[in-house]
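Asks: Numbering (the UniProt record's numbering), first residue to last: 1 to 749. I have a structure I would like to understand better, so I am pasting it below and will then ask my questions one at a time.
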Ligand SMILES: Nc1nc2c(c(=O)[nH]1)N[C@H]1C(S)=C(S)[C@@H](COP(=O)(O)OP(=O)(O)OC[C@H]3O[C@@H](n4cnc5c(=O)[nH]c(N)nc54)[C@H](O)[C@@H]3O)O[C@H]1N2
Ligand SMILES: Nc1nc2c(c(=O)[nH]1)N[C@H]1C(S)=C(S)[C@@H](COP(=O)(O)OP(=O)(O)OC[C@H]3O[C@@H](n4cnc5c(=O)[nH]c(N)nc54)[C@H](O)[C@@H]3O)O[C@H]1N2
Ligand code: SF4
Ligand SMILES: [Mo]
């Protein structure tokens, strides 16, 4: 009983871990072999989780800002009353849609966010955003139009693994990344293809490394897709059965000048042809694209080309290819094939994708002189002052709000600006889970139990409780006696009927999760009230995919299957396989009406044929800065204590030997990096993996943390002091964090 099963909260893999406590300290941490996905694997980072759990800047009490900017402790009754009252006041004065929500889940905690909607919908709030609107919305948008679904590359069964702008050796994001990569690299029948300007750890292992010039992936991918078309390597028979618009797309790609595009991309034409042929002739290809392209110019166009490449070569919906997963809770919402509702943000008119306003327009939407500008904001489990482009402007925007409320565990850059700071227990002090369940063919869910209680003397509330109390303070929660009685007298079946009846009232449907938390929640075993929001998800999944659930070993028919699935989630502290795909079923999960791939997106196809001569350059800012690289010791801003980093304490600027020499920079010397937004000074690491003209800074640095004496100090450079909100994709509004025009100079001693 010494070891507590939980999960790592540092990246979307959420590897199962076990923790042994010494008092409140995490004495030992090891991989949990019983976790169905990670199977005992972890990287080096979770061993440092005590720096999150026992950080000096943990919040202990609700706080209210005084007029002089300092904070005073208040009790929860006051906090809830004033926060609910403050938001209600903004709603009454300006309308609920001027209340904005940012965040709702980090890398390890989505359970709280499943309750936030109740409070927001009750207020009439309509706009929200989170980190996905800085990275994935462009891919979501093209996936919606082409497939009506997102897909995940099946690395366990693929012949060829293709990583575009992703360095999973360091960033993971795929289960058991390092052994998986090594296995593919070692097997002579399989190939690893990496597209990255840097010779990353992943690229070192690759059979083919396409060292693209930063920001030119669109040209490179267009050339690759054009090779497939022009050498007639497309999967004709498969496409005839599974895709539409083949002729239109083929005609457009026939016109791509391969040599010219290859030249712009900086990759030799023969290597491009070799890579394209390898992909086209493989029995299966799994594609993973990530921030290197999603945060660079032409990101949405590149996501489109990525999907065209795997579609034209027949690599969708089969074992070892890209498959739409069977999710427990849909992390992504699609609108293209549904009743058309192309929403845009109220001020900037920016496209809302998967319900998310682009993070890059938030400041503009607050600061505009516009009747529908955002007036109040609830931030939950995010640090937008640090993580969204152009921190100075984000601070200005937050300052201009009538009300800012932050729910967090630590005194962050964003919390420091709030009118109210609401403290939550850490992710090891409460029930938690994530909805990053995007694996195929098996998909997993892990409901984690608390490892320890909140710190002595603290006054914390878990997020579901905060949202429930805020709803109650608004006066929208009715007498729940009938629902509770249905449960005690008739069990869950009677409760289900009563609950469905309750949902016919639109006002109550808005707060469904809070109703469940307050009725079903207290009856759940081991104090798992926060898991109540999972109950309808389990039922929905069992009803939609009963065979996949049964293949995963859960038994039952009809509603009983949903109950069994929910019970299995509650009962298994190391996680559960909740669905198992069957070969041949995946195409049936596409969201297109005809279950076919719709290859043509005309507005993007025309851009592909007319990309121009390369990304814009500016002689005043001759370097391309990738602001926010994932390294061995970075983890977003989940760790705030700089002592967690065992290497690279200050977060170096990586630069290639030739550039360093030209600038007179020796290893460890201080460089000044200047962009149109700001300037930072950082020590240099000379790294021959970088191309000349390309420099990189790590993510997650530049955080303020109290020293042993309590005085705050900042370690390293905050990347978004250097980025600009206007540098964003024209379709999805996603930022160009990996492609920031910069100047680099040696700092005179
Ligand atoms: N160690 C660690 N792991 C993490 C995180 C962390 O903070 N630290 N964060 C997690 C999160 S939230 C995310 S979203 C993922 C992100 O995971 P990744 O996307 O893999 O991480 P990055 O290092 O941001 O970017 C990946 C690569 O893009 C390359 N790149 C830069 N410019 C270009 C370009 O123009 N074209 C191409 N093709 N590539 C380019 C960089 O050289 C880099 O190797 O990582 C997760 N995992
Ligand atoms: N320039 C640049 N900017 C970037 C990126 C980049 O590569 N370059 N990457 C972007 C990406 S991909 C991402 S994902 C974002 C990440 O940035 P954010 O979305 O802002 O999230 P995190 O840095 O992960 O911080 C999560 C917050 O949750 C808090 N927290 C931890 N546990 C709990 C809890 O149990 N409850 C609550 N309420 N709070 C908790 C932490 O203290 C922290 O403040 O950054 C983005 N910003
Ligand atoms: S791969 Fe991600 S979830 Fe797994 S141990 Fe490393 S940081 Fe944690
Ligand atoms: Mo991310």
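Glycine included, each C-beta is placed from N, C-alpha and C at the ideal position. None of the values given here were measured: they were computed from a predicted structure.
1) Residue 129 lies in the beta strand (DSSP E); which residues open and close that run?
2) How far does the beta strand (DSSP E) with residue 686 in it extend, from its first residue to its last?
3) Confirm the yes/no value for this check: CB of residue 340, any heavy atom of ligand 1, distance under 6 Å.
4) I want to know whether the stretch 574-586 touches the stretch 606-615 - three or more CB-CB distances under 8 Å.
5) Give me every residue whose Cβ sits closer than 6 Å to any heavy atom of ligand 3, in chain order.
6) Which residue comes first and which comes last in the alpha helix (DSSP H) that contains residue 279?
7) From which residue to which residue does the beta strand (DSSP E) around residue 288 run?
8) For residue 268, which residues from the same chain have a beta carbon less than 6 Å from its beta carbon, with the 5 sequence-adjacent residues on both sides left out?
9) According to DSSP, which residues form a beta bridge with residue 625?
10) Would you report the Cα separation of residue 222 and residue 343, rounded to the nearest angstrom?
11) Are the CB atoms of residue 402 and residue 376 within a distance shorter than 7 Å?
12) Grouping DSSP H, G and I as helix and E and B as strand, with all else coil, what is residue 453?
13) With a threshold of 6 Å, establish whether the CB of residue 131 neighbours any heavy atom of ligand 6.
14) Give me, in chain order, the residues of the same chain whose beta-carbon lies closer than 8 Å to that of residue 76; leave out the 5 immediate sequence neighbours on both sides.
15) Kindly examine ligand 1 and report whether one of its heavy atoms sits closer than 6 Å to the Cβ of residue 59.
16) Compute the minimum distance between the beta carbon of residue 685 and the heavy atoms of ligand 4, and state whether it is under 6 Å.
17) According to DSSP, is residue 16 part of a helix, a strand, or is it coil?
18) Pull up the distance between the alpha-carbon of residue 206 and that of residue 692, whole angstroms please.
19) Taking the alpha-carbon positions, what's the residue 606 to residue 600 distance?
20) For ligand 1, any of its heavy atoms closer than 6 Å to the Cβ of residue 718?
21) Can you give me the C-alpha to C-alpha distance between residue 744 and residue 632, rounded to a whole angstrom?
22) Under 6 Å: does the beta carbon of residue 379 sit that close to some heavy atom of ligand 2?
23) Give me, in chain order, the residues of the same chain whose beta-carbon lies closer than 6 Å to that of residue 334; leave out the 5 immediate sequence neighbours on both sides.
24) Please report the residue range of the alpha helix (DSSP H) in which residue 115 lies.
25) Three or more C-beta pairs closer than 8 Å, one from the stretch 252-263 and one from the stretch 324-331: is that the case here?
26) Mind listing, in chain order, the continuous beta strand (DSSP E) runs of no fewer than 3 residues lying wholly within the stretch 392-432?
27) Taking the CB atoms as reference points, tell me whether residue 511 and residue 161 lie closer together than 7 Å.
28) Might you give, ordered along the chain, the residues of its own chain that have their beta carbon closer than 8 Å to the beta carbon of residue 208, omitting 5 neighbours on each side?
29) Could you check what DSSP says for residue 298 in three-state terms: helix, strand or coil?
30) Mind checking residue 457: buried by the 16 CB within 10 Å criterion, or exposed?
31) Could you compute how far the alpha carbon of residue 481 sits from the alpha carbon of residue 113?
32) Going by Cα to Cα distance, which pick from 719, 499, 424 is closest to residue 463?
33) Pull the bridge partners of residue 170 from the DSSP assignment, please.
34) Which residues bound the alpha helix (DSSP H) around residue 714?
35) Could you check the C-alpha separation between residue 24 and residue 519 for me, to the nearest Å?
36) Using only the alpha-carbon positions, how far apart do residue 442 and residue 548 sit?
Replies: Considering the structure as presented:
1) Annotation for residue 129: the continuous beta strand (DSSP E) segment containing it runs 127-129.
2) 679-686
3) Incorrect: residue 340 has no Cβ contact closer than 6 Å to ligand 1.
4) No contact exists between the stretch 574-586 and the stretch 606-615.
5) 8, 10, 11, 13, 14, 15, 42, 43, 45, 46, 172
6) 269-281
7) 285-289
8) none
9) 695, 740
10) 30 Å
11) The answer is yes: Cβ separation under 7 Å.
12) coil
13) Because ligand 6 does not appear in the structure shown, any question about it cannot be addressed here, the ligands present being ligand 1, ligand 2, ligand 3 and ligand 4.
14) Excluding the 5 residues flanking it on each side, residue 76 has same chain C-beta neighbours closer than 8 Å at 62, 459, 461, 469, in chain order.
15) Outside the cutoff, so no.
16) no
17) strand
18) Rounded to whole angstroms, the gap between the alpha carbons of residue 206 and residue 692 is 21 Å.
19) Taking the Cα positions, residue 606 is about 10 Å away from residue 600.
20) no
21) 24 Å
22) no
23) Short of 6 Å from the beta carbon of residue 334, and not among the five residues preceding or following it, lie these beta carbons of its own chain, in chain order: 144, 148, 591.
24) It spans 113-123 - the alpha helix (DSSP H) in which residue 115 sits, taken as one unbroken run.
25) Taking 8 Å as the limit for Cβ pairs, the verdict is that the stretch 324-331 does not touch the stretch 252-263.
26) 403-408, 420-423
27) no
28) 191, 192, 193, 194, 271, 274, 275, 278
29) Assignment of residue 298 by DSSP, reduced to helix, strand and coil, places it in the coil class.
30) exposed
31) Rounded to whole angstroms, residue 481 to residue 113 spans 26 Å at the Cα level.
32) 424
33) In the DSSP assignment, residue 170 forms no beta bridge with any residue.
34) Residue 714 -> not in any alpha helix (DSSP H); beta strand (DSSP E) instead, spanning 712-715.
35) 32 Å
36) 9 Å
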